[in-house]
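Residue numbers for the sequence shown, in this note's numbering: 1 to 188.
Cβ atoms here follow ideal geometry from the backbone N, Cα and C, with glycine treated the same way.
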Amino acid sequence: MARFAVLFDACVLYPAPLRDSLMRLATSDLFKAHWTDAIHEEWINALMRENKHPRDALERARDLMDSHVPDAKVVGYECLVEGLTLPDPNDRHVLAAAIKCKADAIVTFNQKDFPADYLQTFQIEVIHPDDFIYYQIDMAPAISCTAFRAQRNALKKPPMTVDEFLTCLQKQQLPQTVSLLKNYSGFI
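Encoded structure:
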């Protein structure tokens, strides 16, 4: 069965709470998630610059992502990079990977870096993570709430109430998502 396929840009993977939400939704089989080793390096390096996390811990997170989402890693896209034109040439590898894996969309905060009219020539959309997660909840509230409940319950240091968890998600630039999840607070 064909599923909606997305490529996660690095910027949606380095805030840990957002990465955790996206990974839990990805493992719930609502969509097919993709990324590359280069995307992994981008989010790991962004966190390394903050000097808050040891590299080995971030590499463990990377390895867990790769092992929990089968066939997520895109390879063989490099030959497409040079032929692409984007406002930031450093983002071409993201679009090339999306083309290679036949993604329906790129999930990113940096929508201006992926002009919709240009992406449309490849039949790829660009989606803000708030819109993307909102759509997942709207289409499959029970499955999505189960994923968010598992995420909240996994938080032990410190544990979070539902309101604290929603506040955490709000800080991830997910206002629509939080607004919708408030309707399901008894399930998360």
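| query | result |
| --- | --- |
| Environment of arginine 152 [buried if 16+ CB atoms lie within 10 Å] | buried |
| Enclosing alpha helix (DSSP H) for valine 189 [first to last residue] | Residue 189 lies beyond the range of the chain shown here (1 to 188); nothing can be said about it. |
| Collapsed DSSP secondary structure at leucine 18 in the structure displayed | helix |
| Per-residue burial, proline 115 [other beta carbons within 10 Å of its own, 16 or more giving buried] | exposed |
| Opposing strand residues paired with lysine 73 [DSSP bridges] | Trp35 |
| Leucine 7 in three-state terms, based on DSSP | strand |
| Integer Cβ distance of leucine 7 from isoleucine 106, believed to fall under 8 Å | 5 Å |
| CB contact check: proline 129 to chain C, cutoff 7 Å | This model lacks chain C altogether, as it is built from one protein chain only. |
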